[in-house]
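What follows is a single structure, written as structure tokens, with notes after it.
2 protein chains.
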Amino acid sequence: MQLSDHRIAVLVDKSFEDLEFWVPVMRLREAGAEVIIAGREAETTFTGKHGLTAETVVAARDLEADDLDAVVVPGGWAPDKLRRDEGVTSLVREMDAQNKIVAQICHAGLVGISAGIVEGRPATGSQGIKDDLENAGAEWVDEAAFQDGNLVWGRVVKDIPAFCRTLVTALQS
Amino acid sequence: MQLSDHRIAVLVDKSFEDLEFWVPVMRLREAGAEVIIAGREAETTFTGKHGLTAETVVAARDLEADDLDAVVVPGGWAPDKLRRDEGVTSLVREMDAQNKIVAQICHAGLVGISAGIVEGRPATGSQGIKDDLENAGAEWVDEAAFQDGNLVWGRVVKDIPAFCRTLVTALQS
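Residue numbers (this note's numbering), protein chains in the order written: chain A, 603 to 775; chain B, 603 to 775.
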């Protein structure tokens, strides 16, 4: 399978966007990747905005960027919680420093802002964080999904297919 | 994109299994397919078992097998409703007669039973319909997902990645 040698952390927290989390998780597993569901703490179960659930297996602070190929951040309200955690922001910052894939969709850019990885780079997501991305020095792009170096961006729920396509392509190259 | 010339109907009804419906829909769109959400009636919105929603655009009786490459049936309690509708069962029966892909996961085999397409063939799904599949003449197979000619089968929610992988492979060949 295409990504059978890949280890990918997918972050989750309270009120995550159900499909922005679960569709990439299922898609990466389809491609053979090992998906590690991570958050502020291990073994915590969260309910998404619409009622699906997800459980972390590990705290982000206990993951090493050296051992991962990518980190994926879903939207919903989860990024508002995730961005407050130094374990999360250091992991995202270190992944970026190692030129590894950091994928963000919808409100996920809030994590990128707090990790300090968006300045001077194109970015997209929910209209609700456009001003925050621009104030952090990113250049707002109104596209369904795109890759910019090691960063993969997706806009909103209806753009999940384009986000997954871009993510899988980025991981294969 | 791999499936950009494909038109695929995905059926939905009350209390559908949220991820068994939405993950294949997003996956097929990722591959460029045109996804047509269909059910007993057009323009009806349903809520899944866990709270996600989905809206039909067309009634199954108004779809022609000639115009489709595949039909996908999710699980949850939706198959219990879908199987009662002659528009649904004739579409599934005609797709099978034309040797086109019919994909069923979890409780979806209930639709295959009522469409009369499972006799003498291997099948899988939720343990809850094992007896009904066997009584209809199918041979129960305990596998995550598999293809048998034009039929694609998936077992349960955790097998969605294997189901999608098998489905996309079947559609490409």
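All C-beta atoms, glycine included, are put in the ideal place defined by N, C-alpha and C.
Local Cβ density within 10 Å of residue i, reported as buried at 16 or more and exposed below that
i                : result
Ala699 (chain A) : exposed
Gly739 (chain B) : exposed
Ser728 (chain A) : buried
Gly678 (chain B) : buried
Met603 (chain B) : exposed
Glu622 (chain B) : buried
Gly756 (chain B) : buried
Asp687 (chain A) : buried
Spatially closest choice to residue i from the options, by CA coordinates
i                : options                                   : result
Asp671 (chain A) : A:Thr691, A:Phe648, A:Ala705 and A:Val690 : A:Ala705
His746 (chain A) : A:Met628, A:Ala764 and A:Ala611           : Per the sequence presented here, residue 746 (chain A) reads as Ala, with His not at that position. Comparing Cα positions, the closest option is A:Ala764.
Asp668 (chain A) : A:Gln729, A:Leu684, A:Val614 and A:Ile610 : A:Ile610
Phe648 (chain B) : B:Asp607, B:Val720, B:Asp615 and B:Ile762 : B:Asp615
Arg723 (chain B) : B:Glu741, B:Gln749, B:Ser606 and B:Asp734 : B:Glu741
Leu684 (chain B) : B:Ser606, B:Val720 and B:Glu643           : B:Glu643
Asn737 (chain B) : B:Pro681, B:Val720 and B:Asp750           : B:Val720
Ser692 (chain A) : A:Gly751, A:His608 and A:Ala662           : A:Ala662
Asp682 (chain B) : B:Ile638, B:Asp734 and B:Asn701           : B:Asp734
Asp750 (chain B) : B:Gly718, B:Ala717 and B:Asn701           : B:Asn701
Proximity of residue i and residue j at Cβ, strictly below 8 Å
i                : j                : result
Thr646 (chain A) : Thr658 (chain A) : yes
Ile715 (chain A) : Leu773 (chain A) : no
Ala640 (chain A) : Leu665 (chain A) : yes
Val690 (chain B) : Leu753 (chain B) : no
Ala710 (chain A) : Pro676 (chain A) : yes
Ser617 (chain B) : Gly653 (chain B) : no
Val694 (chain B) : Val713 (chain B) : yes
Ile762 (chain A) : Val625 (chain A) : yes
Glu636 (chain B) : Val759 (chain B) : no
Phe748 (chain B) : Thr768 (chain B) : yes
For residue j and residue i, believed in contact at Cβ under 8 Å, the rounded distance
i                : j                : result
Val673 (chain B) : Met697 (chain B) : 5 Å
Cys766 (chain A) : Met628 (chain B) : 7 Å
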